[in-house]
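Student: Before anything else, here's the structure in question.
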Amino acid sequence: MTFGIKAAGAYIPRLRLARRVIAEANGWLTPSLNAMAKGERAICNWDEDAVTLAVEAGRDALAGHDRGTLSSLHFASTTFPFIDRLNSGIVAQALGLPDTVSALDIAGSQRAATSALRNALDAGHDTLLVTAEHLRSKAASPGEMTSGDAAAALLIGDGDPIARLLGSASATTDFVDHYRSQDEPYDYQWEERWIRDAGYMKIVPPVIARCLEAAGIAASDVNHVCMASALPRVVDAVVKAAGLPATSIADSLHAGCGHAGAAHPLLMLAAALETAKPGERILVIGFGQGADALLFECTRAMPGHADHLGVRGHLTRRREETNYVKFLAFNEAIEIERGMRAEADKLTPLSALWRNRETATGFVGGRCQVCGTLQFPRSRICVSPNCNAVDSQVPHPFADAVGRVNSYTADRLTYSPDPPACYGMIQFDDGGRWMMDFTDVEADDLKVGMSMRMMFRIKDIDTQRGFRRYFWKAAPAVTSEGSA
Amino acid sequence: MPAGIRDKVAMLGMGCSKFGERWDADATDLMVEAYAEALTDAGIETKQIDAAWLATAIEEQHVGKSAVPLAVALRLPFIPVTRVENYCASGTEAFRGAVYAVASGAADIALALGVEKLKDTGYGGLPQRGRGTLNNMTWPNLSAPGLFAQLGAAYRAKHGSAPDDLKRAMAHISVKSHDNGSRNPKAHLRNRITIDTVLKAPMVAEPLGLYDCCGVSDGAACAIVTTPEIARSLGKHDLISIKALQIAVSNGLEAQHNSWDGSYFATTRIAARRAYQEAGIENPREEVSLIEVHDCFSVTELVTMEDLHISAEGRAIHDVLDGFYDADGTVPCQIDGGLKCFGHPIGASGLRMVYEMYLQMLGRAGDRQRKDLPRIGLTHNLGGFPHQNVCSIAVVGRHGE
Numbered sequence: 418m419t420f421g422i423k424a425a426g427a428y429i430p431r432l433r434l435a436r437r438v439i440a441e442a443n444g445w446l447t448p449s450l451n452a453m454a455k456g457e458r459a460i461c462n463w464d465e466d467a468v469t470l471a472v473e474a475g476r477d478a479l480a481g482h483d484r485g486t487l488s489s490l491h492f493a494s495t496t497f498p499f500i501d502r503l504n505s506g507i508v509a510q511a512l513g514l515p516d517t518v519s520a521l522d523i524a525g526s527q528r529a530a531t532s533a534l535r536n537a538l539d540a541g542h543d544t545l546l547v548t549a550e551h552l553r554s555k556a557a558s559p560g561e562m563t564s565g566d567a568a569a570a571l572l573i574g575d576g577d578p579i580a581r582l583l584g585s586a587s588a589t590t591d592f593v594d595h596y597r598s599q600d601e602p603y604d605y606q607w608e609e610r611w612i613r614d615a616g617y618m619k620i621v622p623p624v625i626a627r628c629l630e631a632a633g634i635a636a637s638d639v640n641h642v643c644m645a646s647a648l649p650r651v652v653d654a655v656v657k658a659a660g661l662p663a664t665s666i667a668d669s670l671h672a673g674c675g676h677a678g679a680a681h682p683l684l685m686l687a688a689a690l691e692t693a694k695p696g697e698r699i700l701v702i703g704f705g706q707g708a709d710a711l712l713f714e715c716t717r718a719m720p721g722h723a724d725h726l727g728v729r730g731h732l733t734r735r736r737e738e739t740n741y742v743k744f745l746a747f748n749e750a751i752e753i754e755r756g757m758r759a760e761a762d763k764l765t766p767l768s769a770l771w772r773n774r775e776t777a778t779g780f781v782g783g784r785c786q787v788c789g790t791l792q793f794p795r796s797r798i799c800v801s802p803n804c805n806a807v808d809s810q811v812p813h814p815f816a817d818a819v820g821r822v823n824s825y826t827a828d829r830l831t832y833s834p835d836p837p838a839c840y841g842m843i844q845f846d847d848g849g850r851w852m853m854d855f856t857d858v859e860a861d862d863l864k865v866g867m868s869m870r871m872m873f874r875i876k877d878i879d880t881q882r883g884f885r886r887y888f889w890k891a892a893p894a895v896t897s898e899g900s901a
Numbered sequence: 129m130p131a132g133i134r135d136k137v138a139m140l141g142m143g144c145s146k147f148g149e150r151w152d153a154d155a156t157d158l159m160v161e162a163y164a165e166a167l168t169d170a171g172i173e174t175k176q177i178d179a180a181w182l183a184t185a186i187e188e189q190h191v192g193k194s195a196v197p198l199a200v201a202l203r204l205p206f207i208p209v210t211r212v213e214n215y216c217a218s219g220t221e222a223f224r225g226a227v228y229a230v231a232s233g234a235a236d237i238a239l240a241l242g243v244e245k246l247k248d249t250g251y252g253g254l255p256q257r258g259r260g261t262l263n264n265m266t267w268p269n270l271s272a273p274g275l276f277a278q279l280g281a282a283y284r285a286k287h288g289s290a291p292d293d294l295k296r297a298m299a300h301i302s303v304k305s306h307d308n309g310s311r312n313p314k315a316h317l318r319n320r321i322t323i324d325t326v327l328k329a330p331m332v333a334e335p336l337g338l339y340d341c342c343g344v345s346d347g348a349a350c351a352i353v354t355t356p357e358i359a360r361s362l363g364k365h366d367l368i369s370i371k372a373l374q375i376a377v378s379n380g381l382e383a384q385h386n387s388w389d390g391s392y393f394a395t396t397r398i399a400a401r402r403a404y405q406e407a408g409i410e411n412p413r414e415e416v417s418l419i420e421v422h423d424c425f426s427v428t429e430l431v432t433m434e435d436l437h438i439s440a441e442g443r444a445i446h447d448v449l450d451g452f453y454d455a456d457g458t459v460p461c462q463i464d465g466g467l468k469c470f471g472h473p474i475g476a477s478g479l480r481m482v483y484e485m486y487l488q489m490l491g492r493a494g495d496r497q498r499k500d501l502p503r504i505g506l507t508h509n510l511g512g513f514p515h516q517n518v519c520s521i522a523v524v525g526r527h528g529e
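Structure below.
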């Protein structure tokens, strides 16, 4: 048995905003944006946040793996929706992890995920590490151009890993290149040249050197460097200063996704693991008030799984959004008239949420032990007209079941942050059905009988109380073999 | 099968307010407007009423909870008064309470009144409100058109109907109802429309365009019922009696069990069969002379024709386009204009349907009077959504026939 990375997963939201759309909207104010207007960035749908991204990345990594043996869940992000509510607790419930799992939110730095990875590898527990960012930027800021919303997940533990750690090193110093305080939604950043010359160049190369020394590997033997910076020309300079091969710089994913903040090093690692050959070495760098460096050796090719899309699969699962104002509205960067229907009270009684956590967060229904009928939600009396047995149901998870559209609508009357509201009856082949929201779908594409995958999403945002509730929605099914 | 209530209870009087955007009226005014007409029609005084039922659904927007608002508005003399709510079928639920009270002998004369004041919402359409703590967690932020529209997708999938054929039949339904409503002074919408108008209207929820949806109105309707014997003793003849009253309520089967295909109303099929049995009707297509159905949306009316066992399964499109349900057709449907033109003040609608049957059978329907007085009339009042609903059916006819 060898300890290491057993699986890697990723999630990139389906919506992509072409950078030229941002430049066209804001170039009148900031002409320098025009020079950055190449490629596209991933943007969250209105019903996605760091928690929902993390759940999807976690499912991607866990495809084909047993969840029951996990002892720990780490969630790294700087954009947690909750400051005081365990965000990883929501992820654990949504993933149906055992309630004996230890869960930890790790925040506060752009290297939250690399530090979490070091800790998880040191601790030696079976750990799922998820990292996700839903980044908010001011309109016309460089961050709006360079950022991308995304998530990655690593399954760490004993077994037959796809990669093992050769060595690692860290440094910590209060170098404040940018910051975001509790009272502010947006970053405040200092001059880029200073960040590069006095920050990256002074801090990172020594950490790389210590990491390589600990691993006993020469810089020239590194095959893939997973390091990204939202700033230009930083990675090239660091790689050169550290003596790493120029050819080892991994794809920054800038063209199709954008820089996913603290999640980005692991997103690049997940991408590298998809193609790395056994024996190749992958160096992962995190930067933020110091630096982390971790050197891995790829031990075997990552096995495929129909439910695993990875970075490449998710880059393919895309739809271009061309409406800049819609992007601003999704990110609450504009005060938009939503109509009186939006005023409906979205109070979630927390006591009721707790009682119904398996139903609402886990999408767990019931299976009748008398007649075998699957049903959602789980209830005291079986729904089958030929059974109606009392207290006969055991929990049955629906989250990973593929459903089919039985009926559908595109509703232009009801309130939706992204009208028309698409919803309909989803029927599961093995039994069970529910009238539920659809997401990541266009009204014109809806058909009776189409396959739908369940996705964990924001159900409602309670603006009055700063709460959000989650539930599962149906999205067109995509597998690694293409559309289902 | 229980003996039922066939011919045990007769209409003594009925009333109906003018429906519409009644900016001039509170719910109380609408209640009194319907009640005053019913009381005059019945030829009795308030003190002769033994028990009363009030139907309202969105009470928080007008009268508030309980039956007290009815007792106060009508100054009922400290009699038993009950408020009922059963989604959009609330009106028939109140009617059932009053009819059953008389049939049981607990009351000699009973009153049912339904009212809704919807035009204090602030926007068009039904008020958007929560659906209960647990439902809010898992239901879509659904609307009535969004849910009823799904009948279209499922019906097309089941019967292989071309979208254009379905849409044309739905348009015919709305045009027909507007024709009828134009002849009814109490209707909210009294304009005639064309097929083209319906087909080109903005989409609300595919395949439902604006003209596939019923209006949203204020209104009230009222029935006073008694035994046939008492009715005669009060000088009434040509009695209209209740032949059947049936309600079927979804038990989660449609919403949770895959045996339902989404193209029809499971409740309506069951309630209709029970109602025909209670009324002694063997062949509804031949025996029912007039129907008022819950045409909240054109597609609802279309599939309901089949669920009532009047059109054969898969044949409603043809019957509709053949004019079978037109005012001069074999079995007119919505001869008063229906929900389409009356709008749907929720608590009032079921009683408004019975009111039209009553007028038609007594030959008091004015410009829209059916030449041969209808012998058997059926009202169908549906609350909820296709996948989870309350269906009530009332059959009325001439007493003793």
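Chains as they are written, first to last, in this note's numbering: chain A, 418 to 901; chain B, 129 to 529. Even for Gly, the Cβ is constructed at its ideal location relative to N, Cα and C.
Pull up the CB-CB distance for Leu275 of chain B and Phe513 of chain B, whole angstroms please, since I reckon it's below 8 Å.
Tutor: The pair is a contact, with the Cβ atoms about 4 Å apart (cut-off 8 Å).
Student: Could you confirm whether any beta carbon from chain B is found closer than 8 Å to the beta carbon of Ser564 of chain A?
Tutor: It does not; no Cβ of chain B falls within 8 Å.
Student: Just checking: is the beta-carbon of Ala399 of chain B within a distance shorter than 8 Å of some beta-carbon in chain A?
Tutor: No, Ala399 of chain B does not count as interfacial toward chain A.
Student: Please list, in chain order, the residues of the region 239-267 of chain B that have any C-beta partner in chain A closer than 7 Å.
Tutor: So the close ones are Gly250, Tyr251, Gly253, Gln256, Arg257, Gly258, Thr261, Leu262, Met265, Thr266 and Trp267.
Student: Which of the residues in the region 801-825 of chain A, read from start to end, lie with their CB under 7 Å from any CB of chain B?
Tutor: Here the close residues are Ser801, Pro802, Asn823, Ser824 and Tyr825.
Student: Please state whether the Cβ-Cβ distance between Val651 of chain A and Arg613 of chain A is less than 8 Å.
Tutor: Yes, these two residues count as a Cβ contact at 8 Å.
Student: Would you please verify whether the beta carbon of Val518 of chain B is less than 8 Å from any beta carbon of chain A?
Tutor: No, Val518 of chain B lies away from the interface with chain A (no Cβ there is under 8 Å from its Cβ).
Student: In its own chain, which residues sit with a C-beta less than 7 Å from the C-beta of Leu514 of chain A, not counting the 5 before and 5 after it?
Tutor: Closer than 7 Å at the Cβ level, and outside the excluded window around Leu514 of chain A, lie Arg484, Leu487 and Leu490.
Student: For Gly390 of chain B, decide whether its Cβ has a neighbour in chain A, counting only Cβ atoms nearer than 8 Å.
Tutor: Closer than 8 Å: yes.
Student: Do we get a CB-CB distance below 8 Å when we pair Ser868 of chain A with the residues of chain B?
Tutor: Judged by the 8 Å Cβ criterion, Ser868 of chain A is not in contact with chain B.
Student: Starting from the N-terminal side, write out each stretch of the beta strand (DSSP E) that is 3 residues or longer and does not extend beyond the region 157-191 of chain B.
Tutor: Listed in chain order, the complete beta strand (DSSP E) runs (minimum 3 residues) inside the region 157-191 of chain B are 179-183.
Student: Pull up the distance between the alpha-carbon of Ala524 of chain A and that of Thr495 of chain A, whole angstroms please.
Tutor: In a straight line, the C-alpha of Ala524 of chain A is about 5 Å away from that of Thr495 of chain A.
Student: Does chain A have any CB closer than 8 Å to the CB of Ser426 of chain B?
Tutor: It does not; no Cβ of chain A falls within 8 Å.
Student: CB Ser289 of chain B to CB Glu149 of chain B, shorter than 8 Å?
Tutor: Taking 8 Å as the Cβ cut-off, Ser289 of chain B and Glu149 of chain B do not qualify as a contacting pair.
Student: With H, G and I counted as helix, E and B as strand and the rest as coil, what does DSSP make of Cys804 of chain A?
Tutor: Note: Cys804 of chain A maps to coil in three-state DSSP.
Student: Taking DSSP's pairing of strands, which residues face Ser369 of chain B in a bridge?
Tutor: Bridge partners of Ser369 of chain B: B:Ala138 and B:Gly525.
Student: Indicate whether the contact test is met: 3 or more Cβ pairs, each with one atom in the region 223-234 of chain B and one in the region 380-400 of chain B, closer than 8 Å.
Tutor: Contact between the region 223-234 of chain B and the region 380-400 of chain B is absent, because fewer than three Cβ pairs lie under 8 Å.
Student: Take the Cβ of Gln278 of chain B as the centre, count every other Cβ of all protein chains shown within 10 Å, and call the residue buried at 16 or more, exposed below.
Tutor: Result: buried.
Student: Under three-state DSSP, which class holds Ala647 of chain A?
Tutor: It is coil, neither helix nor strand.
Student: Excluding the five sequence neighbours on either side, which residues of its own chain have a C-beta within less than 6 Å of the C-beta of Ala403 of chain B, listed in chain order?
Tutor: Excluding residues within five positions, the ones whose Cβ falls inside 6 Å are Ala372, Gln374, Ile521 and Val523.
Student: I'd like the list of long-range same chain contacts for Ala201 of chain B, defined as Cβ closer than 7 Å, with 5 residues on each side in sequence excluded.
Tutor: Closer than 7 Å at the Cβ level, and outside the excluded window around Ala201 of chain B, lie Thr156, Met159 and Val160.
Student: So, for Asn509 of chain B: in the same chain, excluding its five sequence neighbours on each side, which residues have a beta-carbon less than 8 Å away from its beta-carbon?
Tutor: Cys216, Ala217, Gly219, Thr220, His422, Ser477, Gly478, Met481, Cys519, Ser520, Ile521 and Ala522.
Student: Name the DSSP beta bridge partners of Ile207 of chain B, please?
Tutor: Its beta-bridge partners do not exist; DSSP assigns none.
Student: On the criterion of 16 or more Cβ atoms from any shown chain inside 10 Å, does Trp445 of chain A qualify as buried, or is it exposed?
Tutor: Trp445 of chain A comes out exposed.
Student: So what does Tyr605 of chain A bridge to, in DSSP terms?
Tutor: Answer is A:Tyr596.
Student: Name the chain B residues that come within less than 7 Å of Gly848 of chain A, Cβ to Cβ?
Tutor: Per Cβ cutoff of 7 Å: Asn386.
Student: Does Ala435 of chain A get closer than 8 Å to chain B when you measure Cβ to Cβ?
Tutor: Not one chain B Cβ lies under 8 Å of Ala435 of chain A.
Student: For Ala901 of chain A, which three-state DSSP category applies?
Tutor: Bear in mind that a pLDDT of 43 at Ala901 of chain A, under 50, signals an unreliable position, so the model cannot answer this.
Student: From Ala567 of chain A to Ala718 of chain A, what does the alpha carbon distance come to, in whole angstroms?
Tutor: Going from the Cα of Ala567 of chain A to the Cα of Ala718 of chain A covers about 24 Å.
Student: What's the call for Tyr251 of chain B, buried or exposed, on a 16-neighbour Cβ count within 10 Å?
Tutor: Exposed, by the Cβ-count rule.
Student: Of the residues A:Met852, A:Thr469 and A:Leu479, which one's Cα is nearest the Cα of Phe499 of chain A?
Tutor: Nearest of A:Met852, A:Thr469 and A:Leu479 to Phe499 of chain A, Cα basis: A:Thr469.
Student: Tell whether a beta-carbon distance below 8 Å holds between Asp638 of chain A and His551 of chain A.
Tutor: Contact: no.
Student: Name the residues in the region 309-333 of chain B whose C-beta lies less than 7 Å from a C-beta of chain A; which are they?
Tutor: Answer set for the region 309-333 of chain B: Met331, Val332 and Ala333.
Student: Along the chain, where does the alpha helix (DSSP H) containing Gly280 of chain B start, and where does it finish?
Tutor: Per DSSP, Gly280 of chain B belongs to the alpha helix (DSSP H) from Ala272 to His287.
Student: Mind pulling the beta strand (DSSP E) runs of 3 or more residues that sit fully within the region 426-452 of chain B?
Tutor: Segments of the beta strand (DSSP E) lying fully in the region 426-452 of chain B: there are none.
Student: Starting from the beta carbon of Tyr840 of chain A, find every residue of chain B whose beta carbon is closer than 7 Å, and list them in chain order.
Tutor: Simply Pro268, Leu270 and Gly274.
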